[in-house]
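S.K.:
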Amino acid sequence: MAIRSKAWISLLLALAVALSARAEEEPAAAAEGEAVLTLDVDSFDEAVAKHPFMVVEFYAPWCGHCKKLAPEYENAAKALSKHDPPIVLAKVDANEEKNRPLATKYEIQGFPTIKIFRDQGKNIQEYKGPREADGIVDYLKKQVGPASKEIKSPEDAAALIDDKKIYIVGIFAEFSGTEFTNFMEVAEKLRSDYDFGHTLHANHLPRGDAAVERPLVRLLKPFDELVVDSKDFDVAALMKFIDASTIPRVVTFDKNPDNHPYLMKFFQSSAPKAMLFLNFSTGPFDSFKSAYSAAAEEFKDKEIKFLIGDIEASQGAFQYFGLKEDQTPLILIQDGDSKKFLKVHVEADQIVSWLKEYFDGKLTPFRKSEPIPEVNNEPVKVVVADNVHDFVFKSGKNVLIEFYAPWCGHCKKLAPILDEAATTLQSDEEVVIAKMDATANDVPSEFDVQGYPTLYFVTPSGKVTSYDSGRTADDIVDFIKKSKETAGAAATTTQAPPASEKAAAAEPVKDEL
């Protein structure tokens, strides 16, 4: 299944795991005794067209989180079937071969993924609510009502606004005009992420200046400045304001579920990211937190996001970046070009000066790599981050390289096939088949690895092509024979261009909560 995600989404899926504690059916019908509709590629479009509001879980039978969700999802479906009007919950086995086009179309990046289909599929949003039955029911009941609720009194505000959550309120002189229309449009677009309200009276709200010039958007939040206002009602500007205002200046990575939405936003951001990892329960945590918060304040005008993480909750990040607990306290920066900069055993009073060195371009990038193998005599050669450019781009050979994960089922199935193809081509000195463990090595920027396994073919001239042909040994051998360059025809280019083609079919990086 093709996966749209890049390196950061791979990390997101790993983090989602760390943060968590069929017989053929009639189309568009619930299995006997089930309230959840079972859909497939043949019945999906018909079901979407039939229901103005439908929730669909994309799952895989082997996924542990999917199995845990199943009874909660079913109980929620039973309860919501009695709602007026009924709220329909459905599911699709996205791991089944025939249904994979659906998973590709709807950009399923891990399991389970739940999406809300509104207006016969014209408006599709991610489900971002709870994963237990009562929470699912409450969340979806809100989703079928108005995107923004009118606040007519302080009592309404008290009932709607939770001090521990973000709440966005439009304050108007009247509920009409361009500003109100744009506000309601944004509320509809972002309703799965935030709660919205609108009012004629700012003094109904629990926080913020009551004497304001209307219209105004007021964002209430439980961190940093508790109230921020904006008067720009352009749709794009309003969405940018909300995006910038709804993440803490320093995101906390721990096991508190209240922090999980901020973590997802942090890792989804394309901005450079600074991450401080240490043990929250031992050592001088308070002094580090204070120094780091001060650094975030000092560099708030720079394009960089800040995170402080507890090593107990951050194992997914440690594995992804190739870090070790005995290196903490450590600070790591990943910039927009995927270069990483690392300082281990950092002291609290060194944080600001180290960040200044980063902004001044004085730091040397850090690269995650396994050791270069001393013996490399198997048919499929092992490549690591520290020798991939020499091995692939400077060897003067035609190289088919596989990026794999040790736990990936499709990779395990492909391994003997690659061995067979490599053995067949062993006498051809112009051809090499290689592999890299993409979970233990940084993948070069020339390759767009969106899932596992991903294969690329690189010629001596530096031409990079995504391999998306058949997965038999004969298919691979035929492709290489047709695509390879001979030594005389190879160009003298030593720098490979960025990969521009989609990666080959791959399986999801992880199942996710």
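Letter by letter, the sequence shown follows residues -23 to -1, 1 to 490 in mature numbering (1 follows the signal peptide of the UniProt record, and there is no 0). The beta carbon of each residue, even a glycine, is placed where N, CA and C say it ideally should be. The structure displayed is predicted, hence computed values, not measured ones.
1) Per DSSP, residue 59 is paired with what?
2) Please say whether residue 242 and residue 220 have beta carbons closer to each other than 9 Å?
3) Name the residue from 217, 133, 310 and 208 whose alpha carbon lies nearest to the alpha carbon of residue 183.
4) Using the C-alpha atoms, what's the distance from residue 251 back to residue 245?
5) Thinking just about the alpha-carbon of each residue, which of 415, 89 and 437 is nearest to the one in residue 406?
6) Starting from residue 275, follow the alpha helix (DSSP H) in both directions and report where the run begins and ends.
7) What is the DSSP secondary structure of residue 46, reduced to helix, strand or coil?
8) State yes or no: is the C-beta of residue 268 within less than 9 Å of the C-beta of residue 231?
9) Look at the Cβ atom of residue 199, then the Cβ atom of residue 140, and state whether they are nearer than 9 Å.
10) On the premise that residue 320 lies in contact with residue 311, defined as a C-beta separation below 8 Å, what is that separation, rounded to the nearest angstrom?
11) Tell me which residue opens and which closes the beta strand (DSSP E) that residue 206 is part of.
12) What does the alpha-carbon distance come out to for the pair residue 351 and residue 235?
13) Compare the Cα-Cα distances from residue 397 to each of 260, 108 and 454 and report the closest residue.
14) Going by DSSP, what residues sit across from residue 175 in a beta bridge?
15) What do you get for residue 60, buried or exposed, if any count of 16 or more other CB atoms within 10 angstroms of its CB means buried?
16) I want to see whether chain B comes within less than 9 Å of residue 385, judged by CB atoms only; does it?
17) Note down the Cα distance separating residue 469 from residue 282, rounded to an integer number of angstroms.
18) Where does residue 213 sit, in a helix, a strand or coil, going by DSSP?
19) With distance defined between alpha-carbon atoms, name the residue in 107, 99, 21 and 354 nearest to residue 50.
20) Could you check where the beta strand (DSSP E) with residue 102 kicks off and where it finishes?
21) In the structure shown, what three-state DSSP assignment does residue 184 receive?
22) Would you list the residues sitting across from residue 286 in a DSSP beta bridge?
23) Is there contact here, the region 447 to 463 with the region 413 to 420, by at least three beta-carbon pairs under 8 Å?
24) If we ignore side chains and look at the alpha-carbon of each, how far apart do residue 110 and residue 118 end up?
25) Enumerate, from N- to C-terminal direction, the unbroken beta strand (DSSP E) stretches of 3 or more residues contained entirely within the region 385 to 466.
26) Relative to the C-alpha of residue 204, which residue among 161, 146 and 150 is closest?
27) If we count the other Cβ atoms within 10 Å of its Cβ and call it buried at 16 or more, is residue 427 buried or exposed?
28) Mind checking which residues open and close the beta strand (DSSP E) that includes residue 65?
29) For the beta strand (DSSP E) that residue 381 lies in, which residues bound it at each end?
30) In the DSSP output, which residue or residues are listed as bridge partners for residue 343?
31) For the region 54 to 73 and the region 14 to 34, state whether three or more C-beta atom pairs, one from each stretch, are separated by less than 8 Å.
32) Just the C-alpha distance for residue 365 and residue 338, rounded to the nearest angstrom, thanks.
33) Could you check if residue 208 is buried or exposed, using at least 16 other CB atoms within 10 Å of its CB as the buried criterion?
34) I need the straight-line Cα distance from residue 474 to residue 378, nearest angstrom please.
35) For residue 435, which residues of its own chain have a beta-carbon under 6 Å away from its beta-carbon, when the five flanking residues on both sides are left out?
36) Determine whether the beta carbon atoms of residue 17 and residue 103 lie at a separation below 9 Å.
M.R.: On the basis of the coordinates in this document:
1) As a position in the sequence shown, residue 59 is number 82, starting the count at 1. Per DSSP, none; premise fails for residue 59.
2) Here residue 220 corresponds to residue number 243 of the sequence shown, with the count starting at 1. Here residue 242 corresponds to residue number 265 of the sequence shown, with the count starting at 1. For residue 220 and residue 242, yes; Cβs fall inside 9 Å.
3) As a position in the sequence shown, residue 183 is number 206, starting the count at 1. Checked all of 217, 133, 310 and 208; the closest Cα to residue 183 is 133.
4) Residue mapping note: residue 245 aligns to position 268 of the sequence shown, counting from 1. Residue mapping note: residue 251 aligns to position 274 of the sequence shown, counting from 1. One C-alpha to the other measures close to 14 Å.
5) The residue given as residue 406 occupies position 429 in the sequence shown. It is 437.
6) Stepping through the sequence shown from its first residue, residue 275 is reached at position 298. First-last of the alpha helix (DSSP H) with residue 275: 262 to 275.
7) As a first step, residue 46 must be located in the sequence shown, where it is residue number 69. Correct three-state label for residue 46: helix.
8) Translated into positions along the sequence shown, residue 268 becomes position 291. Translated into positions along the sequence shown, residue 231 becomes position 254. Contact: no.
9) Taking the first residue of the sequence shown as position 1, residue 199 is located at position 222. Taking the first residue of the sequence shown as position 1, residue 140 is located at position 163. Their beta carbons are under 9 Å apart, which means residue 199 touches residue 140 by this criterion.
10) As a working mapping, residue 311 is identified with position 334 in the sequence shown. As a working mapping, residue 320 is identified with position 343 in the sequence shown. At roughly 13 Å, the Cβ-Cβ gap does not stay under 8 Å, so residue 311 and residue 320 are not in contact.
11) Here the question's residue 206 lines up with position 229 in the sequence shown. Residues 204 to 207.
12) Position 374 of the sequence shown, counting from 1, holds the residue named residue 351. Position 258 of the sequence shown, counting from 1, holds the residue named residue 235. For residue 351 and residue 235, the distance between alpha carbons rounds to 47 Å.
13) Your numbering for residue 397 matches position 420 in the sequence shown. The shortest C-alpha separation from residue 397 is found at 454.
14) Position 198 of the sequence shown, counted from the start, is the residue given in the question as residue 175. Bridge partners of residue 175: 127 and 147.
15) Locating residue 60 in the sequence shown gives position 83, counting from the first residue. So residue 60 ends up on the exposed side.
16) Absent here is chain B; the protein component of the structure consists of one chain.
17) Within the sequence shown, residue 469 is the residue found at index 492, counting from 1. Within the sequence shown, residue 282 is the residue found at index 305, counting from 1. Low local confidence applies: a pLDDT of 43 at residue 469 is under 50, so the model's placement there is unreliable, and no value is given.
18) Indexing the sequence shown from 1 puts residue 213 at position 236. Looking at residue 213 - three-state DSSP - the assignment turns out to be helix.
19) Position 73 of the sequence shown, counting from 1, holds the residue named residue 50. Of the candidates 107, 99, 21 and 354, the one whose C-alpha sits nearest the C-alpha of residue 50 is 107.
20) Indexing the sequence shown from 1 puts residue 102 at position 125. First-last of the beta strand (DSSP E) with residue 102: 100 to 103.
21) The sequence position of residue 184 within the sequence shown is 207, counting from 1. Residue 184: coil per DSSP, three-state reduction.
22) On the sequence shown, residue 286 is found 309 positions in, with the first residue counted as 1. Looking at the DSSP assignment, residue 286 forms a beta bridge with 230 and 254.
23) no
24) Your numbering for residue 110 matches position 133 in the sequence shown. Your numbering for residue 118 matches position 141 in the sequence shown. Taking the straight line joining both Cα atoms gives about 12 Å.
25) 408 to 414, 431 to 435 and 441 to 443
26) Here residue 204 refers to the residue found at position 227 of the sequence shown. Considering only alpha carbons, the answer is 146.
27) By 1-based counting over the sequence shown, the position of residue 427 is 450. With 16 or more Cβ atoms within 10 Å of its Cβ, residue 427 is classed as buried.
28) By one-based count along the sequence shown, residue 65 stands at place 88. Here the beta strand (DSSP E) through residue 65 covers 65 to 70.
29) The residue you call residue 381 lines up with position 404 of the sequence shown. Looking at the DSSP string, the run of the beta strand (DSSP E) that includes residue 381 is 375 to 381.
30) Looking up residue 343 in the sequence shown gives position 366. Note: residue 343 sits in a beta bridge opposite 317.
31) yes
32) The sequence position of residue 365 within the sequence shown is 388, counting from 1. The sequence position of residue 338 within the sequence shown is 361, counting from 1. Approximately 25 Å, taken between the alpha carbons.
33) Here the question's residue 208 lines up with position 231 in the sequence shown. Residue 208 should be labelled exposed.
34) By one-based count along the sequence shown, residue 474 stands at place 497. By one-based count along the sequence shown, residue 378 stands at place 401. Confidence in residue 474 is poor, its pLDDT being 39 and thus under 50, which makes the residue's placement unreliable; the coordinate value appears in the next sentence. Straight-line Cα distance between these residues: approximately 16 Å.
35) Looking up residue 435 in the sequence shown gives position 458. The residues are 369, 376 and 441.
36) The count along the sequence shown starts at 1 and reaches residue 17 at position 40. The count along the sequence shown starts at 1 and reaches residue 103 at position 126. Going by C-beta atoms, residue 17 is not nearer than 9 Å to residue 103.
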